[in-house]
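The end of the sequence shown is residue 243 by the UniProt record's numbering, with every number in the run present.
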Amino acid sequence: MENPEHIDSILNDWPFENGHLSARIVTGDDGRDVVQMRIEMGLMQMEVDGRPDGGEPFGFVTYADYLQQRIDEDPDYILTDGDCTEIDREFIQFYHRRICWLGLREYQRAVRDADQTLLLMDICRDHSDDDEWIDSHEQFRPFVLFHRIQAAALATLTDLTPERAIEVINLGLEEMREVFTEFELEDEYDNDELVKRLIELREQLRSQYEVGQTLQEQLSEAVAQEEYERAAQIRDRISKRER
Numbered sequence: 001m002e003n004p005e006h007i008d009s010i011l012n013d014w015p016f017e018n019g020h021l022s023a024r025i026v027t028g029d030d031g032r033d034v035v036q037m038r039i040e041m042g043l044m045q046m047e048v049d050g051r052p053d054g055g056e057p058f059g060f061v062t063y064a065d066y067l068q069q070r071i072d073e074d075p076d077y078i079l080t081d082g083d084c085t086e087i088d089r090e091f092i093q094f095y096h097r098r099i100c101w102l103g104l105r106e107y108q109r110a111v112r113d114a115d116q117t118l119l120l121m122d123i124c125r126d127h128s129d130d131d132e133w134i135d136s137h138e139q140f141r142p143f144v145l146f147h148r149i150q151a152a153a154l155a156t157l158t159d160l161t162p163e164r165a166i167e168v169i170n171l172g173l174e175e176m177r178e179v180f181t182e183f184e185l186e187d188e189y190d191n192d193e194l195v196k197r198l199i200e201l202r203e204q205l206r207s208q209y210e211v212g213q214t215l216q217e218q219l220s221e222a223v224a225q226e227e228y229e230r231a232a233q234i235r236d237r238i239s240k241r242e243r
């Protein structure tokens with residue numbers, strides 16, 4: 001008779017593959033969907049909404065939401081050691097779920113979780129007095145942004161058009177450049193591997209879907225060349241498209 005406390009049959013039916021992200025969405029006996037990630041020593045199970053571990057710290061959906069409430073009440077609030085511990089826990093949880101969403105091509109959900117992580121990073125940067133701890137998180141901002149830009153572009157490709165997806169990447173690259181500038185690493189931007197991968201994705205979409213210059217790219221070119229009448233016409237086209 002199989003011991004219900006063992007998960008041997010689950011693991012045997014879903015073998016671990018080294019170097020490959022294995023994730024899936026399953027429905028439990030209660031009808032609740034959860035996302036699972038196969039890891040070497042078993043599996044990780046996370047909620048699909050809210051905090052991945054299902055916790056509601058102090059009655060809030062996430063610890064970041066709780067901290068945001070504290071900060072709204074006291075803009076000068078400084079994070080405690082306990083806050084930092086909980087933030088680190090939440091960082092790890094959202095990272096694991098984010099990479100699952102990317103692997104499952106659940107791009108809107110990946111964007112949502114990336115935004116949650118970026119919110120946590122902002123809270124760390126603005127409300128901690130420990131520069132070393134801040135830096136330990138800020139070093140990952142380009143990586144989280146990369147995931148967000150990639151996911152947003154692919155979601156836009158699915159929901160809208162290849163041209164709009166390319167525009168999402170271009171806007172993301174501008175945001176990425178701002179981060180490098182803030183870190184005083186402008187000289188490293190063009191050779192950064194994450195930047196190169198985003199440009200590669202953009203050009204792959206351009207080639208695959210035969211997209212020429214996007215409207216935003218045409219607008220930037222017209223402004224740079226001081227062709228203001230042409231720029232105004234392009235702005236009108238963009239405005240009509242957004243309606």
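Yeah, the Cβ is synthetic: ideal placement off N, Cα and C, and Gly gets one too. Here the structure is a predicted model, which means the values were calculated and not measured.
Less than 8 Å between the C-beta atoms of Val-61 and Gly-54, yes or no? Going by beta carbons, Val-61 and Gly-54 fall outside the 8 Å limit.
Taking the alpha carbon of Gln-116 as the reference point, which residue from Asp-130, Trp-133, Gly-103 and Ile-92 has its own alpha carbon closest? The candidate whose alpha carbon is nearest that of Gln-116 is Ile-92.
What separation, rounded to the nearest whole angstrom, lies between the Cα atoms of Glu-138 and Glu-182? Their backbone Cα atoms lie some 11 Å apart in a straight line.
Which of the three DSSP states, helix, strand or coil, is assigned to Met-1? Interpretation of Met-1 is limited by its pLDDT of 48, a score under 50 that renders its predicted location unreliable; the figure taken from the coordinates is listed afterwards. The answer is coil: DSSP assigns Met-1 none of H, G, I, E or B.
When DSSP labels each residue in this structure, what does Thr-214 get in the three-state scheme? Thr-214: coil per DSSP, three-state reduction.
Exposure of Pro-52, with buried meaning 16 or more beta-carbon neighbours within 10 Å: Around the beta carbon of Pro-52, 16 or more other beta carbons sit within 10 angstroms, so the residue counts as buried.
Can you tell me which of Ala-231, Gly-172 and Ala-165 puts its alpha carbon nearest to the alpha carbon of Gln-208? Residue Ala-165 is the option with its Cα nearest to Gln-208.
So what's Gln-36 in DSSP terms, helix, strand or just coil? Reduced to three states, the DSSP call for Gln-36 is strand.
Going by beta carbon distance, what residues of the same chain come within less than 7 Å of Glu-188, once the five residues before and after it are set aside? Cβ neighbours of Glu-188 beyond the five flanking positions: Phe-180.
So what does DSSP say about Gly-82, is it helix, strand or coil? Helix, per DSSP.
For Gly-172, count neighbouring C-beta atoms within 10 Å of its own C-beta (all shown protein chains included) and say buried if the count is 16 or more, exposed if not. The residue in question, Gly-172, is buried, as its Cβ has 16 or more Cβ neighbours within 10 Å.
Just verifying my parser: in three-state terms, what is the DSSP assignment at Val-26? In the structure shown, the three-state DSSP call for Val-26 is strand.
May I ask which residues mark the beginning and end of the beta strand (DSSP E) holding Glu-47? Its beta strand (DSSP E) spans residues 42-47.
Under 8 Å, do Trp-14 and Arg-38 count as touching if we go by C-beta distance? For Trp-14 and Arg-38, yes; Cβs fall inside 8 Å.
State the Cα-Cα distance for the pair Arg-105 and Leu-157, rounded to the nearest angstrom. Looking at the backbone, the Cα of Arg-105 and that of Leu-157 are separated by about 12 Å.
Distance check for Pro-57 and Leu-79, CA to CA, integer angstroms please. If I take the Cα positions, the gap works out to 16 Å.
Burial state of Val-111, where buried means 16 or more other Cβ atoms lie within 10 Å: With 16 or more other Cβ atoms within 10 Å, it is buried.
Within this structure, are the beta carbons of Asp-113 and Arg-97 separated by less than 8 Å? Here Asp-113 is near Arg-97, since their CB atoms are less than 8 Å apart.
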